[in-house]
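In the working numbering, the protein residues as written are 1 to 128.
For reference, the structure is listed below as structure tokens.
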């Protein structure tokens, strides 16, 4: 897998690669504990085959109910480019993508951060 961001090339084989702007994925797995959705940066979490034991230990601790922190490298960036080999399974927001299975051909994924691209509406505070 080819992974580039801000002039850096961290290509390699990864068991896990997550581009995050929140601290947790799935069932409260805090892979990027310092992530801040308002800072304009992605937290890129990468786990190589050699680091697999760190993740196994973290998952075991979480299953046992411990408030553990993973030992993972996190890189912060404003944009990311990933070249995925043919047949690599992907997920986007906890959903398999594409739904009908891994892509049949190599794919290039570009993930930019767009500041203030999400607007949240909330009701006005109640007055008494």
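Glycine included, each C-beta is placed from N, C-alpha and C at the ideal position.
Excluding the 5 residues flanking residue i on each side, which residues of the same chain have their C-beta closer than 7 Å to its C-beta?
| i | result |
| --- | --- |
| residue 40 | 78, 113, 115 |
| residue 14 | 1, 46, 47, 48 |
| residue 35 | 20, 21, 22, 23, 43 |
Between which two residues does the alpha helix (DSSP H) harbouring residue i extend?
| i | result |
| --- | --- |
| residue 63 | 52-63 |
Along the beta strand (DSSP E) that carries residue i, what are the first and last residues, could you check?
| i | result |
| --- | --- |
| residue 86 | Neither: residue 86 is in no beta strand (DSSP E) and is coded neither H nor E. |
| residue 6 | Residue 6 -> no beta strand (DSSP E), and no H or E assigned at all. |
| residue 48 | 42-48 |
| residue 112 | 107-112 |
| residue 16 | 14-20 |
| residue 96 | 95-97 |
| residue 77 | 73-77 |
Below 8 Å CB to CB, which residues in the same chain sit around residue i once its five sequence neighbours on both sides are set aside?
| i | result |
| --- | --- |
| residue 26 | 94 |
| residue 127 | none |
Apply the 10 Å Cβ neighbour rule to residue i and answer buried if 16 or more other Cβ atoms are within range, or exposed otherwise.
| i | result |
| --- | --- |
| residue 124 | exposed |
| residue 3 | buried |
Give me, in chain order, the residues of the same chain whose beta-carbon lies closer than 6 Å to that of residue i; leave out the 5 immediate sequence neighbours on both sides.
| i | result |
| --- | --- |
| residue 74 | 32, 43, 45 |
| residue 17 | 46 |
Mind the definition here: the stretch 89-108 touches the stretch 42-60 only if three or more C-beta pairs lie below 8 Å; say whether that holds. no
Counting Cβ pairs, one atom from each stretch, are 3 or more of them under 8 Å apart for the stretch 76-91 and the stretch 53-68? no
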